[in-house]
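Undergrad: Under the working numbering, the first residue of the sequence shown carries the number 945, and numbering increases by one thereafter. Think of the CB as a built atom: it goes at the ideal place given N, C-alpha and C, for glycine as much as any other residue. Take a look at the following structure, please.
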Amino acid sequence: MRKIPFGPNYDEMLNPEKIDSEIRKEALKALKDSELDPINLFNITWKDDNNNVRKIVLPKELTGVDANIVVMLGKGFPSGSHKVGPAYSTLIEGCVDGDINPGEHTILGPSTGNFGIGVSYICNLMGYEAVVIMPDNMSKERYERIQKYGAKLDLTPGSESDVILTLERTYKLKENPKNRALAQFELFPNYRFHRYVTGNSAVEAVKGIGNGRVACYCSAPGSAGTLAAGDELKKVFPECKIAALEPYECSTLANGGRGQHRIEGIGDKMCTLIHNVLNTDFVVLIKDEETVQGLKVIHDGTEALVELGIERSTAEYMKELFGPSGICNILGAIKMAKYLKLGPDDNVVTIATDSFDRYNSVMENLNERYLEVEGFVLKRWAKDIFLHQQDDYVYDYRRKDHKEKLFNQKEKDWLKFGYTKEYLDSMKSEDFWENEYSKVLYYNKKIKELR
Ligand SMILES: Cc1ncc(COP(=O)(O)O)c(C=O)c1O
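Here it is, written out as structure tokens:
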């Protein structure tokens, strides 16, 4: 059996300054010149070379709200999205547990894209064969990247909201004892990575901004891993409200909706197993076309943005930072800042999972669908979509009967995969989530010992 190349533990992903300084230096160099060097495992972090969280505070000329909207940027992670974090965490926990061994097991990654890219990348670095199971109708840049990193593709019919088919396919492939699934929708390393690493990075990200606290955290769940950062934020800032955003066209949490939509990476027609619904205060619906139009404004509408009063350098800098789900999160943050009537001292934190580099084809498609995407149209869109975004389609989920609705959705989605009612009921207690979270300490220790 080959030796497992261990990377950082959770603590080092949150605090990369704790990594041996020579290794960190080498890793930062590899991030620029040698993407497939396994030392890049040590670049799985929200922090830049100076150990600051990569983020942007959006200009108020764009958001039209007094509150500070702080967007954490996933672009700087190796492979170009933060989804590499859950992929690595799930694989390394499996290695620590002795459940996954190189040369013996093939890794399965059910995904709509970015998790698959992360799985393919991580398996390349750690010496595993990988198969990514995903719908056949996602942006073509995703398939290209997965193949570039070496994983095989196993495609199921459909697009974003057909992810359940990828799960069913994964369950079938798992019958082969050689296969191990990094099941992002149901395994808790995804929860642990985001609650510990993303959540505590968010706490740092707001230092020196407004009152230095977080009034609201917004995230559109795919697997709902990223949403788990909110659990940590609520612990640190008890007043923090958590909003789960969904496509208006596929409003599963809000009202069981199950339509097709264009926001790649989110709105997967389910309440995932790792979604702690106890902490979901609001469900907010975002129109998918607004996210694609909004992306067009940010990417191609520099002049329109400058006319709104945004500094040219900021408008230029923003061009590459977001994909449609990042725009979705920004629109959710604007809605929540309005809905909660937040002021200049208040911070809303949200996330850009990936960036523009995998959405050229989405822009080409938009250009084909619209007869006019001239400067004056982009200016109108900038105003309509960002500046004048309304606080409509915000549903308050703090009441017990609303939580019950989400628990019922979870049962509907997961009993069929063999989870018992008793297990699902145990998730109705905070203790369940604290217990899962506390395992971070065990894995921190074990990863260091085995390295
Ligand atoms: C582009 C994009 N945005 C958002 C998400 C949702 O993140 P999470 O799965 O942590 O809920 C994903 C997940 O793959 C994604 O690829």
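Would you call the segment 1246-1254 and the segment 1117-1125 touching, i.e. three or more CB-CB distances under 8 Å?
TA: Short answer: they don't touch.
Undergrad: Nearest to residue 1378 by alpha carbon, out of 1132, 1053, 1324 and 1189?
TA: By 1-based counting over the sequence shown, the position of residue 1378 is 434. Per the Cα distances, 1132.
Undergrad: So is residue 1332 buried or exposed if we call it buried at 16+ other beta carbons inside 10 Å?
TA: As a first step, residue 1332 must be located in the sequence shown, where it is residue number 388. So residue 1332 counts as exposed.
Undergrad: Residue 1127 to residue 1363, Cα distance in whole Å?
TA: Start at 1 with the first residue of the sequence shown, and residue 1127 comes out as number 183. Start at 1 with the first residue of the sequence shown, and residue 1363 comes out as number 419. In a straight line, the C-alpha of residue 1127 is about 14 Å away from that of residue 1363.
Undergrad: Thinking just about the alpha-carbon of each residue, which of 1209, 1203, 1169 and 1261 is nearest to the one in residue 1220?
TA: What you label residue 1220 is simply residue 276 of the sequence shown in a count that begins at 1. Residue 1169 is the option with its Cα nearest to residue 1220.
Undergrad: Quick one: is residue 1381 buried, meaning 16 or more other Cβ sit within 10 Å of its Cβ, or exposed?
TA: Counting from one through the sequence shown, the residue named residue 1381 turns up at place 437. Residue 1381 comes out buried.
Undergrad: Would you mind working out which of 979, 991, 966 and 949 sits nearest residue 958, comparing C-alpha positions?
TA: Here residue 958 refers to the residue found at position 14 of the sequence shown. It is 991 whose Cα lies nearest to the Cα of residue 958.
Undergrad: Here's a check: name, in chain order, each residue in its chain whose Cβ is nearer than 7 Å to the Cβ of residue 1020, leaving out the five neighbours to either side.
TA: Your numbering for residue 1020 matches position 76 in the sequence shown. For residue 1020, where only same-chain residues beyond five positions count, the Cβ hits under 7 Å are 992 and 998.
Undergrad: Taking only runs of the alpha helix (DSSP H) that begin and end inside the segment 1126-1211, which ones reach a length of at least 4 residues, in chain order?
TA: Listed in chain order, they are 1132-1136, 1143-1149, 1173-1180 and 1196-1199.
Undergrad: Please identify the residue among 1044, 1093 and 1200 whose C-alpha is closest to the C-alpha of residue 1192.
TA: One-based indexing of the sequence shown puts residue 1192 at position 248. The residue with the shortest Cα to Cα distance from residue 1192 is 1200.
Undergrad: Which residue's Cα is closest to the Cα of residue 1006: 962, 1271 and 1285?
TA: Here residue 1006 refers to the residue found at position 62 of the sequence shown. Selected option, being the one with the closest Cα: 1271.
Undergrad: When we look at the beta-carbon of residue 1180 and count the other beta-carbons within 10 Å, is it buried (16 or more) or exposed?
TA: In the sequence shown, the residue the question calls residue 1180 occupies position 236. So residue 1180 counts as exposed.
Undergrad: Taking Cβ positions, are residue 1079 and residue 1103 nearer each other than 8 Å?
TA: Residue mapping note: residue 1079 aligns to position 135 of the sequence shown, counting from 1. Residue mapping note: residue 1103 aligns to position 159 of the sequence shown, counting from 1. In this structure, residue 1103 lies closer than 8 Å to residue 1079 by Cβ.
Undergrad: State the beta-bridge partners of residue 999 as determined by DSSP.
TA: Here residue 999 refers to the residue found at position 55 of the sequence shown. Looking at the DSSP assignment, residue 999 forms a beta bridge with 1016.
Undergrad: Assign residue 1041 to buried or exposed, taking buried as 16 or more other Cβ atoms, counted over all protein chains shown, within 10 Å of its Cβ.
TA: Translated into the one-based positions of the sequence shown, residue 1041 becomes position 97. With fewer than 16 other Cβ atoms within 10 Å, it is exposed.
Undergrad: Among residues of its own chain, excluding the 5 on either side of residue 1149, which ones have a beta-carbon nearer than 7 Å to its beta-carbon?
TA: By 1-based counting over the sequence shown, the position of residue 1149 is 205. 997, 999, 1014, 1016 and 1293, listed in sequence order.
Undergrad: The alpha helix (DSSP H) with residue 1277 in it runs from where to where?
TA: As a position in the sequence shown, residue 1277 is number 333, starting the count at 1. It spans 1268-1283 - the alpha helix (DSSP H) in which residue 1277 sits, taken as one unbroken run.
Undergrad: Would you call residue 1315 buried or exposed, if buried means 16 or more other Cβ atoms sit within 10 Å of its Cβ?
TA: The sequence position of residue 1315 within the sequence shown is 371, counting from 1. By the 10 Å Cβ count, residue 1315 comes out exposed.
Undergrad: What do you reckon, are the CB atoms on residue 1235 and residue 1214 nearer than 8 Å?
TA: Here the question's residue 1235 lines up with position 291 in the sequence shown. Here the question's residue 1214 lines up with position 270 in the sequence shown. Contact flag unset, no.
Undergrad: Classify residue 1288 as buried or exposed, calling it buried when 16 or more other Cβ atoms lie within 10 Å of its own Cβ.
TA: Residue numbering aside, residue 1288 sits at position 344 when the sequence shown is read from its first letter. It counts as exposed.
Undergrad: So is the beta-carbon of residue 1103 under 7 Å away from any non-hydrogen atom of ligand 1?
TA: Sequence index remark: in the sequence shown, residue 1103 carries index 159 (1-based). Outside the cutoff, so no.
Undergrad: Do the segment 1261-1281 and the segment 1321-1335 make contact, defined as three or more Cβ pairs closer than 8 Å?
TA: With a cut-off of 8 Å, the segment 1321-1335 and the segment 1261-1281 count as touching, because enough Cβ pairs lie within range.
Undergrad: To the nearest whole angstrom, what separates the beta carbons of residue 1177 and residue 1147, a pair I think is in contact under 8 Å?
TA: Here residue 1177 corresponds to residue number 233 of the sequence shown, with the count starting at 1. Here residue 1147 corresponds to residue number 203 of the sequence shown, with the count starting at 1. 7 Å between Cβ atoms; contact.
Undergrad: Nearest CA to the CA of residue 1394: which residue from 1028, 1038, 976 and 975?
TA: For this step, residue 1394 is matched to residue 450 along the sequence shown. Selected option, being the one with the closest Cα: 1038.
Undergrad: Given residue 1085, which residues of its chain have a CB within under 8 Å of its CB, disregarding the five upstream and five downstream residues?
TA: What you label residue 1085 is simply residue 141 of the sequence shown in a count that begins at 1. Closer than 8 Å at the Cβ level, and outside the excluded window around residue 1085, lie 1301, 1302, 1303, 1304 and 1305.
Undergrad: Considering only heavy atoms of ligand 1, does any lie closer than 7 Å to the CB of residue 1364?
TA: In the sequence shown, counting from the first residue as 1, residue 1364 sits at position 420. No; taking the cut-off as 7 Å, the Cβ of residue 1364 has no heavy atom of ligand 1 nearer than that.
Undergrad: Hey, would you say residue 1155 sits closer than 8 Å to residue 1186, going by beta carbons?
TA: Within the sequence shown, numbered from 1, the residue matching residue 1155 stands at position 211. Within the sequence shown, numbered from 1, the residue matching residue 1186 stands at position 242. No, Cβ-Cβ distance for residue 1155 and residue 1186 is not below 8 Å.
Undergrad: Could you check if residue 986 is buried or exposed, using at least 16 other CB atoms within 10 Å of its CB as the buried criterion?
TA: Counting from 1 along the sequence shown, the entry for residue 986 is found at position 42. It is buried - the Cβ of residue 986 has at least 16 other Cβ atoms within 10 Å.
Undergrad: Tell me which same chain residues have a C-beta within less than 6 Å of the C-beta of residue 1033, skipping the five on either side of it?
TA: Taking the first residue of the sequence shown as 1, we reach residue 1033 at position 89. Result list for residue 1033: 1133 and 1137, in chain order.
Undergrad: Which two residues bound the contiguous beta strand (DSSP E) that contains residue 1286?
TA: Locating residue 1286 in the sequence shown gives position 342, counting from the first residue. Taken as a continuous stretch (DSSP letters only), residue 1286 belongs to no beta strand (DSSP E), as it is neither H nor E.
Undergrad: Applying the 10 Å Cβ sphere with the 16-neighbour rule, what's the burial state of residue 1385?
TA: Here residue 1385 is taken as the residue at index 441 of the sequence shown, counted from 1. So residue 1385 counts as exposed.
Undergrad: Please return the same chain residues whose Cβ sits closer than 8 Å to the Cβ of residue 974, not counting the five positions on each side in sequence.
TA: Against the sequence shown, residue 974 aligns to sequence position 30. Excluding positions up to five away in sequence, the list reads 981, 983, 984 and 987.
Undergrad: Residue 1053 by DSSP, collapsed to three states: which one?
TA: Reading the sequence shown from its first residue, position 109 is the one you call residue 1053. Strand at residue 1053.
Undergrad: Is residue 1208 near ligand 1, going by C-beta to nearest heavy atom under 7 Å?
TA: Within the sequence shown, numbered from 1, the residue matching residue 1208 stands at position 264. Flag set: Cβ of residue 1208 near ligand 1.
Undergrad: List the whole-angstrom C-beta distance separating residue 1058 from residue 1298, where the pair is believed to meet the contact cut-off of C-beta under 8 Å.
TA: On the sequence shown, position 114 is the one that residue 1058 refers to. On the sequence shown, position 354 is the one that residue 1298 refers to. Indeed, because the Cβ distance is near 6 Å, the residues count as touching under 8 Å.
Undergrad: In angstroms with no decimal places, state the Cα-to-Cα distance between residue 1092 and residue 968.
TA: Within the sequence shown, numbered from 1, the residue matching residue 1092 stands at position 148. Within the sequence shown, numbered from 1, the residue matching residue 968 stands at position 24. So the two alpha carbons sit approximately 25 Å from each other.
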